[in-house]
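In the numbering used here, the protein residues as written are 140 to 452. Input: a single structure, listed below in structure tokens.
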Amino acid sequence: MPWTTSDIPDLTGKNAVVTGPTIGGIGYFIARGLLAAGARVVLAGRSWEKLDAASASLVEEVPGAQLDRVALDLSSLQAVRAGAEAIADATFEGGGPLHLLVNNAGVMATPQSRTVDDLDLQMATNHFGPFLLTGLLLEPLAESGEGRIVTMSSMMHKLARKAPLGFPTVQVGRYSPWGVYSQSKLANLLFTNELQRRLEKAGLPVTAYAAHPGLASTHLMANGASKNVIAPIASIGEAAVRAMAQTPEAGAWPALMASTYVELEPGTYVGPGDALEGRGAPKPVSATRLARDPEAARALWELSEQTTGIAYP
Ligand SMILES: NC(=O)c1ccc[n+]([C@@H]2O[C@H](COP(=O)([O-])OP(=O)(O)OC[C@H]3O[C@@H](n4cnc5c(N)ncnc54)[C@H](OP(=O)(O)O)[C@@H]3O)[C@@H](O)[C@H]2O)c1
């Protein structure tokens, strides 16, 4: 039987964090699905205005929703540390437990840009920031005795021909916004696989999963790829995606399945179930051979620890 949102169990008493919960995006619907099942959800986003709007709308859609908001800019290592502290200290009253972290936020194919830490913007937002956030929240996740980490990847990871080991400093030649996006989404899978191996080895009661939404009509193009071209071309591109894509609500299903389905093998990657993985009921899907390469995962892990300054167990 295909998985549906009615398979989400009662989540009363569970605490979750969802990054990137802006209205109209996938994170909003992930948060809504968790709240509707009774979880307490922390919305972690970079704009207070958007956090307020998302939280007001969620309270209206899910009467009695228990939610909180935390400022989190994944593109700044210092802001990630502050956000993690706010999540752990303020929200969970002194440190835990946390049952679920959904690393959903991301940018796609932005023009070349450096962050305050002198990192590539896409790699910082999509990989290094979530890597640091996850490490900083590992303790409250372990405290729950059943912590889950779900990280959002993309079918675009299939276009990456090599692991993103040249970051953050080496960028030779012309910048390819789509090439770097693909590598950042490959990084999400390498991260999940290595994380799962390490959690198991350390004997921690936390498991790691990955998901991808297929193609969903959200703000992703407007926030990133559209900035590389002039406005009329951007509008045509966005209209084309809208015509082909599924709703952001359906785009949230794979992450919701990965977040809540107890029978999933740890490390599973979940995506839409149709032949092209573009839409439909979610199910376990496969990643490229490179995404499953343990050597590449280990090397990226070492680079990520050096870059972010965190040491995992
Ligand atoms: N839509 C698709 O078809 C598709 C396909 C494959 C994978 N994905 C993945 O799905 C995830 C969600 O994307 P979406 O489609 O829902 O796009 P979206 O509507 O643009 O949502 C992205 C979210 O990430 C947040 N974000 C961006 N930069 C951030 C930063 N520096 N710090 C904190 N939050 C930040 C955005 O905040 P603001 O609102 O403040 O910008 C927004 O809340 C991404 O990881 C994306 O790569 C999407």
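Where is the CB? At the ideal position from N, CA and C, for every residue including glycine. Since the structure is predicted, the reported quantities are computational estimates derived from the model, not experimental observations.
Where residue i sits in the DSSP three-state scheme
i: Thr427; result: coil
i: Arg179; result: strand
i: Met262; result: helix
i: Lys301; result: coil
i: Gly284; result: coil
i: Leu524; result: Since the first residue of the chain shown is 140 and the last is 452, residue 524 is not available in this structure.
i: Thr290; result: strand
i: Gly184; result: strand
i: Pro160; result: coil
i: Lys153; result: coil
i: Gly410; result: strand
i: Ala225; result: helix
i: Ala450; result: coil
i: Tyr167; result: helix
i: Leu439; result: helix
i: Tyr348; result: strand
i: Gly233; result: Summary for Gly233: the model assigns pLDDT 47, below 50, so the residue's position carries little reliability, and this model does not support an answer.
Proximal residues to residue i (C-beta, below 7 Å), its chain only, five neighbours per side dropped
i: Asn171; result: Note that residue 171 corresponds to Arg in the displayed sequence, not to Asn. Here the set comprises Leu197, Glu200 and Val201.
i: Leu338; result: Val345, Thr346 and Ala347
i: Ala450; result: Glu444
i: Ser321; result: Met295, His296, Leu298 and Ala299
i: Ala281; result: Leu343, Pro344 and Val345
i: Thr427; result: His296 and Lys297
i: Lys163; result: This sequence places Gly at residue 163; Lys is not what is there. Cβ within range, chain order: Thr357, His358 and Pro387.
i: Glu377; result: Met360, Ala361 and Ser365
i: Ala430; result: His296, Leu325, Leu328 and Leu329
i: Pro236; result: Asn154, Pro279, Glu282 and Ser283
i: Gly274; result: Ile449 and Tyr451
Contacts around residue i, its chain only, beta-carbon distance under 6 Å, and the 5 residues preceding and following it disregarded
i: Trp440; result: Glu333
i: Arg179; result: Asn154 and Gln205
i: Arg185; result: Asp212
i: Pro141; result: Ala420
i: Leu272; result: Val219 and Ala223
i: Lys189; result: Thr161
i: Thr331; result: Thr290, Ala347 and Ala349
Member of the options whose CA lies at the smallest distance from the CA of residue i
i: Trp187; options: Pro411, Leu211, Ala204 and Ala178; result: Leu211
i: Leu240; options: Gly163, Pro250 and Val157; result: Val157
i: Ser145; options: Ile162, Ala175, Gln385 and Ala341; result: Ala175
i: Leu213; options: Gly159, Pro303 and Pro141; result: Gly159
i: Ser365; options: Ser215, Gln251, Gln217 and Thr446; result: Gln251
i: Ile169; options: Pro411, Ala370 and Ala389; result: Ala389
i: Asp257; options: Ala373, Leu173 and Leu216; result: Leu216
i: Phe306; options: Pro433, Pro452, Thr161 and Thr447; result: Thr447
i: Lys422; options: Pro433, His238, Glu404 and Ala436; result: Glu404
i: Leu260; options: Trp317, Ser374, Thr331 and Ser283; result: Trp317
i: Glu285; options: His238, Ala221, Arg253 and Ala379; result: His238
Beta-carbon gap between residue i and residue j smaller than 8 Å
i: Gly417; j: Gly353; result: yes
i: Val289; j: Ala350; result: yes
i: Thr143; j: Ala438; result: no
i: Val424; j: Val409; result: yes
i: Ile147; j: Thr399; result: yes
i: Ala223; j: Leu276; result: yes
i: Ala193; j: Val209; result: no
i: Val219; j: Gly268; result: yes
i: Leu304; j: Leu442; result: yes
i: Gln335; j: Gly406; result: yes
Practice item. Specify whether the segment 382-400 and the segment 313-332 touch according to this definition: at least 3 beta carbon pairs, one from each stretch, less than 8 Å apart. Key: No contact exists between the segment 382-400 and the segment 313-332.
Review point. Okay, do the segment 296-305 and the segment 352-360 touch, 3+ Cβ pairs below 8 Å being the bar?
Key: Contact between the segment 296-305 and the segment 352-360 is absent, because fewer than three Cβ pairs lie under 8 Å.
Check your understanding: Can you find at least 3 beta carbon pairs, one from the segment 237-246 and one from the segment 264-272, that sit closer than 8 Å?
Key -> Contact between the segment 237-246 and the segment 264-272 is present: three or more C-beta pairs spanning the two stretches fall below 8 Å.
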